[in-house]
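**Student:** Position 51 of the sequence shown, counted from 1, bears residue number 51 in the working numbering, the numbering being contiguous throughout.
Cβ atoms here follow ideal geometry from the backbone N, Cα and C, with glycine treated the same way.
Could you have a look at this structure, given as structure tokens, before my questions?
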Amino acid sequence: MQPPLSAACTTPNNPEPLPDMTTPDNPELFPDMATPNSPEPFPDMKGSHDVQNGPFNNLPTEILLVILQLSLPPLDLQTLHDWNCCRSYMKALLKLRLISTLWKEVVDTSPWLWAVLSSKLPLEQNITNIHRSGDRPLLIHYAGRLPLFERREKLASDHKFLFHIGEIRHRWQLVWFDELDKGGVFRSIDEPASQLQTLHIHSRHIELREEEELLKIGEQLPSIKHLDLKGVLLSQSMSPLLGLITLELDGIRGNGIAAHWLLETVDGSPNLERLSLKNVPLRLPAPSASVPTITHNGLRSLRTDLKGEAADFLFRHIRAPHCIYF
1 MQPPLSAACT TPNNPEPLPD MTTPDNPELF PDMATPNSPE PFPDMKGSHD
51 VQNGPFNNLP TEILLVILQL SLPPLDLQTL HDWNCCRSYM KALLKLRLIS
101 TLWKEVVDTS PWLWAVLSSK LPLEQNITNI HRSGDRPLLI HYAGRLPLFE
151 RREKLASDHK FLFHIGEIRH RWQLVWFDEL DKGGVFRSID EPASQLQTLH
201 IHSRHIELRE EEELLKIGEQ LPSIKHLDLK GVLLSQSMSP LLGLITLELD
251 GIRGNGIAAH WLLETVDGSP NLERLSLKNV PLRLPAPSAS VPTITHNGLR
301 SLRTDLKGEA ADFLFRHIRA PHCIYF
């Protein structure tokens with residue numbers, strides 16, 4: 001998600017629509033960060049050093065930006081399992097703005113640092129991040145599976161969050177949902193998301209009607225590289241997903257996936273390295289049908305719990321001579 005360093009410090013085209021929302025001592029946004037009795041929200045940061053004229057401020061802006069980036073909590077598929085990961089990231093980012101005028105300027109003019117949206121952030125902060133990030137690709141984090149007492153309080157804000165991210169789906173790059181939200185997520189994915197490269201959805205809902213869970217992806221995701229779906233219902237008519245590096249399907253509901261769709265997807269993804277199928281019904285073609293055999297030299301991991309005819313079909317029609325994990 002990071003642009004070249006030479007472009008990282010460009011001033012975004014959009015003005016700051018909500019500058020007061022990026023102040024960590026605002027008790028409405030981050031109450032645990034507020035220190036109303038002190039004019040310095042983080043006095044321990046000052047110490048005995050002259051931050052304004054310290055050695056870090058004499059560094060080239062590009063190097064300073066790298067240092068600031070490395071000081072932020074990482075956001076990736078591992079850390080996104082923590083509901084509060086984006087909240088921790090934003091707290092750290094807002095603290096950096098308080099160190100010195102230069103640091104604030106560097107942070108504020110690096111739009112990709114703000115390209116993070118999460119249902120665990122206040123709605124106002126998400127709106128600010130949308131504007132501050134300019135036209136940069138976005139990381140979208142939706143933590144909908146929360147304790148019941150917290151979920152009741154978040155229902156309204158979750159719907160607003162899903163509405164806002166649906167309006168900018170053309171900027172999605174990494175999308176992580178821990179459930180399919182009724183009336184929200186699935187409708188968004190049914191429309192084009194041309195920059196989306198990583199899609200992770202792990203749903204545990206068992207009460208939604210089938211038409212509410214249906215995911216129609218395929219041609220809507222022309223840039224998809226990593227797909228990890230669990231507990232969802234896929235459209236039987238979706239087009240093959242080409243260009244994948246990782247394909248992980250778990251607990252696909254309904255009639256599962258068609259064998260010809262799987263073969264076309266694997267054959268059309270020369271960079272595919274990992275294929276995982278768990279609890280996925282495989283719809284086999286008629287015995288009289290002519291089915292090609294695929295040789296995929298890039299596949300390194302092929303893991304499945306298929307048994308019987310389905311397993312025999314998979315390993316007869318997908319040959320992976322360099323696969324080392326089964």
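(1) What did DSSP end up calling Pro41 once you bin it into helix, strand or coil?
(2) Measuring alpha carbon to alpha carbon, tell me which of Asn255, Ser119, Leu123, Ile294 ends up nearest Asp82.
(3) Considering only residues of the same chain and omitting the five flanking positions on each side of Leu277, which have a CB-CB separation below 6 Å?
(4) Who are the Cβ neighbours of Val106 in its own chain at under 8 Å, not counting the five residues just before and after it?
(5) Terminal residues of the continuous alpha helix (DSSP H) containing Trp261?
(6) Leaving aside the five residues before and after Ser157 along the sequence, list all residues of the same chain whose C-beta is less than 7 Å from its C-beta, in chain order.
(7) What are the boundary residues of the alpha helix (DSSP H) that includes Thr293?
(8) Is it right to say Arg319 is buried, meaning 16 or more other beta carbons lie within 10 angstroms of its own, or is it exposed?
(9) Less than 8 Å between the C-beta atoms of Leu247 and Leu284, yes or no?
(10) If you reduce the DSSP assignment to three classes, tell me which class Gln173 lands in.
(11) Using only alpha-carbon positions, find the residue among Leu282, Arg132, Pro287, Leu221 that is nearest to Trp172.
(12) Quick one: is Pro111 buried, meaning 16 or more other Cβ sit within 10 Å of its Cβ, or exposed?
(13) Between Leu262 and Met238, what straight-line distance do the alpha-carbon atoms span, to the nearest angstrom?
(14) Taking only the alpha-carbon atoms, compute the straight-line gap between Ile130 and Leu138 and give it to the nearest angstrom.
(15) Name the DSSP beta bridge partners of Thr304, please?
(16) Pick from Asn84, Asn58, Leu94, Arg253: whose alpha carbon is nearest that of Ser71?
(17) Can you grab the Cα-Cα spacing for the pair Ser38 / Ile99, in whole Å?
(18) Among Arg316, Arg169, Leu174, Trp176, whose alpha-carbon lies nearest the alpha-carbon of Glu191?
(19) On a CA-only basis, which of Leu233, Ile252, Ile217, Gln236 is nearest Leu242? Give me that one, please.
(20) Kindly indicate the opening and closing residues of the alpha helix (DSSP H) around Tyr89.
(21) Out of Met90, Asn84, Trp103, His317, state which residue places its alpha-carbon closest to the alpha-carbon of Pro55.
(22) Pick helix, strand or coil for Ile252, following the three-state DSSP scheme.
(23) At what residues does the alpha helix (DSSP H) containing Asp108 begin and finish?
(24) Between which two residues does the alpha helix (DSSP H) holding Thr198 run?
**Tutor:** Looking at the coordinates:
(1) The predicted position of Pro41 is uncertain, since its pLDDT is 39 and thus under 50; a value taken from the coordinates is nonetheless stated next. Pro41 carries a coil assignment under DSSP once its states are collapsed to helix, strand and coil.
(2) Closest in C-alpha terms to Asp82, from the list Asn255, Ser119, Leu123, Ile294, comes Ser119.
(3) Same-chain partners within the cutoff: Leu249, Thr304.
(4) If we look at Val106 and ignore the five residues flanking it on each side, its Cβ neighbours are Cys9, Thr61, Leu64, Leu65, Leu68.
(5) Annotation for Trp261: the continuous alpha helix (DSSP H) segment containing it runs 259-267.
(6) So the list reads Leu123, once near-sequence residues are dropped.
(7) Careful: Thr293 lies outside any alpha helix (DSSP H) and carries neither H nor E.
(8) Note on Arg319: under 16 other CB atoms within 10 angstroms of its CB, so exposed under the neighbour-count rule.
(9) Not in contact: Leu247 and Leu284 (Cβ atoms no closer than 8 Å).
(10) Reduced to three states, the DSSP call for Gln173 is strand.
(11) Measuring C-alpha to C-alpha distances from Trp172 to each of Leu282, Arg132, Pro287, Leu221 identifies Leu221 as the nearest.
(12) Buried.
(13) Distance between the alpha carbons of Leu262 and Met238 is about 11 Å.
(14) Rounded to whole angstroms, Ile130 to Leu138 spans 9 Å at the Cα level.
(15) Paired residues: Leu277.
(16) Put simply, of Asn84, Asn58, Leu94, Arg253 the residue whose alpha carbon is nearest the alpha carbon of Ser71 is Leu94.
(17) In this prediction, Ser38 scores a pLDDT of 35, lower than 50, which makes its location untrustworthy; the coordinate-derived value is nonetheless stated afterwards. Whole-angstrom Cα-Cα distance: 16 Å.
(18) For the residues Arg316, Arg169, Leu174, Trp176, the minimum Cα distance to Glu191 belongs to Arg169.
(19) That would be Ile217, whose Cα lies nearest to the Cα of Leu242.
(20) Tyr89 -> alpha helix (DSSP H) spans 85-96.
(21) Among Met90, Asn84, Trp103, His317, the Cα nearest to that of Pro55 belongs to Trp103.
(22) Of the three classes helix, strand and coil, the one that applies to Ile252 here is coil, per DSSP.
(23) 101-108 is the extent of the alpha helix (DSSP H) around Asp108.
(24) Where Thr198 is concerned, there is no enclosing alpha helix (DSSP H), although the beta strand (DSSP E) it sits in stretches over 198-202.
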